[in-house]
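I have placed the structure first, in the form of structure tokens, so that the comments after it can refer back to it.
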Amino acid sequence: MPSRVKKAKSRSRKENKEPKAKIKDAETTMESNQEHRSQDAQPAEVRPKKTSRQVRSVRMLSSVLNTSISNRSCLNTSSNRKITDFFQVRKSSRKTKSDLEKEKRYTFENLIKNCIEDGLEIRHMNEKGRGIFACKYFKKGDFVCEYAGEMISYQVAKKREELYAQDLSIGCYMYFFEYKAKIWCIDATSETQRLGRLLNHSKTEGNCRTQLFEIGSKPHLILVAARDIEPGEEMLYDYGDRNKNSINSHPWLAK
Amino acid sequence: MFEARLVEGSLLKKVMESIKDLLNEASWDCSGNGMCLQAMDSSHVALVSLMLKSDGFENYRCDRSISLGINLASMSKILKCASNDDIITIRAEDDADAITFMFESPKQDRVSDYEMKLMNLDTEHLGIPDTEYACVIKMPSGEFSRICRDLSVLGDSVIICCTKDGVRFSAKGDLGNGNIKLAQSANVDKEEEAVVVDMREAVTLTFSLRYLNFFTKAAPLSSQVSLSMSEDVPLMVEYKINDKEGDSKGYVRYYLAPKIEDSES
């Protein structure tokens, strides 16, 4: 046997046991079927015996290398555990209710903090003045905008209300609400870029509702879609003022 | 609408470098918290979980949580078109089939934008349980890269043995064997150069070096790496992404399933 084969043999012994056994197998089968083998390698038939041996040895070396390589790579994956043995695959991407809740809170918080009021436009109507219209599809429960203004205590608000009542050009922009057992008011009377103050009232056809949303112990008054809203619809909500005096001064409140 | 503006654009380039060799494709899950990615490599031996927090971006806006299926090799190629000091803005419309990358030079005199098609990926999310690891080893990320590189000369796998004296990494193969021992740093002058071992129980585990060498691609992201180990759970290799003030902007975590011990050894 030429020395090259021996080299291959000794290396394979170190690598692992299997290829070594395979070489032995190959050796014996080759020796016994020499006639048959040399028929496979066509040039060997006509050439002298020495070369046929050489051809054989080269072939064996390559076959040894092949098996050892394939064995190695197969070992690599089979001897390693799978990560899925330890971590369970989540059957679906469905989230738990609390996760959804948390996510919703987070998006709301972001929208409020960044004063985002997307998908809304101001339109001027003859009889009602300004109004807010949807220019995108809102799903029920979606954030619409914040009723942004100055948060003041009930006492201050009452004084201001009297003041505003004297001036007929001032509309109705005070929103009273209860927070931590105290009555507060968002006063949005002063003109701003914010849209929340411009939503019109409808007692029966409202498609939005107000909601108190707390960020770091500061309440925010927000408007959310009370039902699915198509683009082009006017955004309306019930101002909730049933006070007789208010209705007298603003008769549209009853509608 | 999703839009995220990252002043330190090189960060995103580094993040892509840290995952693109291990994963072919993955989906970026964008929500109000930030951008996340979780994916396994094709042989399901390793898992990548990375997070870029919304606070780390100069501008971050995500109206609705979206999942962006991305061919990572393509994204990495596109990000190679950005200079290291460029400001990178990522943008995607809701239900869009493409994502836009905009690169602005710091002087604003060069603005390039690239649009890349998104993929529909069927991703399997794994639930990663909260684990109290028996050992947590913190060391300079460069040191870990070197250990993995050096030992892969000797063999395919490394045995990590963590005791109260320190950590020993050893590998053996055809040409012999090698050991690297790290002792805990006695005096911690520079935090990023320290080796700290937080050990509850001694652990010895075997891992594939091929994968660890993929993980060390994340070394440019952080000066420190932490290896968390417990018997019979995957190793967690974490590179934290911190800003200059040390506030966390996110992380790249790799999980690697241990190798089955050879019956011979």
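One line per chain: the protein sequences are V and H, in this order. Each residue of the first sequence is one higher than the one before, starting from 1 at the first, in the UniProt record's numbering. Each residue of the second sequence is one higher than the one before, starting from 1 at the first, in the UniProt record's numbering. Beta carbons: idealized from backbone N, C-alpha and C, even for Gly.
(1) Quick check: the Cα distance between H/A219 and H/S157, rounded to an integer number of angstroms?
(2) Relative to the alpha-carbon of residue 270 of chain V, which residue among V/L198, V/M235 and V/S98 has its alpha-carbon at the smallest distance?
(3) Check whether chain H comes within 8 Å of V/Y106, counting only Cβ atoms and requiring the distance to be less than that.
(4) Please list the residues of the region 24-48 of chain H that have a C-beta atom closer than 7 Å to any C-beta atom in chain V, keeping them in chain order.
(5) Helix, strand or coil, according to DSSP, for H/I137 in the structure here?
(6) For the region 231-261 of chain H, list every residue whose C-beta sits within 7 Å of some C-beta in chain V, in sequence order.
(7) Sort V/Y164, V/A134, V/Q166 and V/R130 by Cα distance to V/V224 and report the nearest one.
(8) Classify V/C115 as buried or exposed, calling it buried when 16 or more other Cβ atoms lie within 10 Å of its own Cβ.
(9) What first and last residue would you give for the beta strand (DSSP E) that runs through H/S26?
(10) Which of the three DSSP states, helix, strand or coil, is assigned to V/K136?
(11) Run down chain C in chain order and give the residues with a C-beta less than 8 Å from the C-beta of H/L126.
(12) Quick one: any contact between the region 63-77 of chain H and the region 88-96 of chain H, if contact means 3 or more CB pairs under 8 Å?
(13) Under 7 Å Cβ-Cβ, which residues of chain H neighbour V/S79?
(14) Does V/N207 come out as helix, strand or coil in the three-state DSSP assignment?
(15) At which residues does the beta strand (DSSP E) containing H/G9 begin and terminate?
(16) Measuring only the C-alpha atoms, how far is H/S10 from H/S83?
(17) At the 8 Å Cβ level, is H/S208 part of the contact set with chain V, yes or no?
(18) Classify V/Q193 as buried or exposed, calling it buried when 16 or more other Cβ atoms lie within 10 Å of its own Cβ.
(19) Measuring CB atoms only, is the region 173-185 of chain H touching the region 209-219 of chain H, in the sense that at least three cross pairs come out at less than 8 Å?
(20) Could you tell me the alpha carbon to alpha carbon distance between V/Y154 and V/E121, rounded to whole angstroms?
(21) Cβ of H/S145 versus every heavy atom of the ligand GTP: is any distance shorter than 7 Å?
(22) What residue ranges within the region 194-233 of chain H form continuous alpha helix (DSSP H) runs of no fewer than 4 residues, ordered along the chain?
(23) Checking the sheet assignment: what are the DSSP bridge partners for V/Q88?
(24) So, is the C-beta of H/S223 closer than 8 Å to a C-beta in chain V?
(25) Quick check on H/S10 - is its C-beta less than 8 Å from some C-beta in chain V?
(26) For the pair the region 197-212 of chain H and the region 128-144 of chain H, tell me if three or more CB-CB distances fall below 8 Å.
(27) Check the Cβ of H/S228 against every Cβ in chain V and list those closer than 7 Å, keeping chain order.
(28) To which residues does DSSP link H/R91 through a beta bridge?
(29) Mapping the DSSP letters down to three states, classify V/N248 as helix, strand or coil.
(30) Any beta carbon from chain H within less than 8 Å of V/K7's own beta carbon?
Judging by the given coordinates:
(1) As a working note, residue 219 of chain H is residue 219 in the second sequence. As a working note, residue 157 of chain H is residue 157 in the second sequence. Cα to Cα, the separation comes out at about 20 Å.
(2) Not covered by the structure: residue 270 of chain V. The range shown for chain V is 1 to 255.
(3) The residue you call residue 106 of chain V lines up with position 106 of the first sequence. Closer than 8 Å to some Cβ of chain H, the Cβ of V/Y106 qualifies, so yes.
(4) S31, G32, N33, M40, S43, H44, V45, A46 and L47
(5) Translated into positions along the second sequence, residue 137 of chain H becomes position 137. Of the three classes helix, strand and coil, the one that applies to H/I137 here is strand, per DSSP.
(6) V233, P234, Y255, A257, P258, K259 and I260
(7) Within the first sequence, residue 224 of chain V is the residue found at index 224, counting from 1. When each option's Cα is compared against that of V/V224, the closest is V/A134.
(8) What you label residue 115 of chain V is simply residue 115 of the first sequence in a count that begins at 1. Exposed.
(9) Here the question's residue 26 of chain H lines up with position 26 in the second sequence. For the record, residue 26 of chain H in the displayed sequence is Ala; it is not Ser. That run of the beta strand (DSSP E) goes E25 to S31.
(10) Reading the first sequence from its first residue, position 136 is the one you call residue 136 of chain V. Correct three-state label for V/K136: coil.
(11) Annotation note: the requested chain C is absent from the structure, which comprises protein chains V and H.
(12) yes
(13) Position 79 of the first sequence, counted from the first residue, corresponds to residue 79 of chain V. Neighbours of V/S79 on chain H, chain order: K259 and I260.
(14) Within the first sequence, numbered from 1, the residue matching residue 207 of chain V stands at position 207. The answer is coil: DSSP assigns V/N207 none of H, G, I, E or B.
(15) For the purposes of this step, residue 9 of chain H is taken as residue 9 along the second sequence, with counting starting at 1. Where H/G9 is concerned, there is no enclosing beta strand (DSSP E), although the alpha helix (DSSP H) it sits in stretches over G9 to I19.
(16) Working through the second sequence from its first residue, we reach residue 10 of chain H at position 10. Working through the second sequence from its first residue, we reach residue 83 of chain H at position 83. Roughly 8 Å between the two C-alpha positions.
(17) Locating residue 208 of chain H in the second sequence gives position 208, where the first residue counts as 1. Yes, H/S208 counts as interfacial toward chain V.
(18) Position 193 of the first sequence holds residue 193 of chain V. With fewer than 16 other Cβ atoms within 10 Å, it is exposed.
(19) no
(20) Residue numbering aside, residue 154 of chain V sits at position 154 when the first sequence is read from its first letter. Residue numbering aside, residue 121 of chain V sits at position 121 when the first sequence is read from its first letter. So the two alpha carbons sit approximately 31 Å from each other.
(21) Although the ligand GTP was asked about, the structure shown includes no ligands whatsoever.
(22) 209-215
(23) Residue mapping note: residue 88 of chain V aligns to position 88 of the first sequence, counting from 1. Note: V/Q88 sits in a beta bridge opposite H/G127.
(24) Here residue 223 of chain H refers to the residue found at position 223 of the second sequence. No, no contact with chain V.
(25) Along the second sequence, read from residue 1 onward, the residue named residue 10 of chain H stands at position 10. So, not an interface residue.
(26) yes
(27) On the second sequence, position 228 is the one that residue 228 of chain H refers to. Chain V residues near H/S228: none, gap ~13 Å exceeds 7 Å.
(28) For this step, residue 91 of chain H is matched to residue 91 along the second sequence. Answer is H/E3 and H/T100, bridged to H/R91.
(29) As a position in the first sequence, residue 248 of chain V is number 248, starting the count at 1. Helix.
(30) Taking the first residue of the first sequence as position 1, residue 7 of chain V is located at position 7. No answer about V/K7 holds up, because its pLDDT of 46 lies below 50 and its placement is not dependable.
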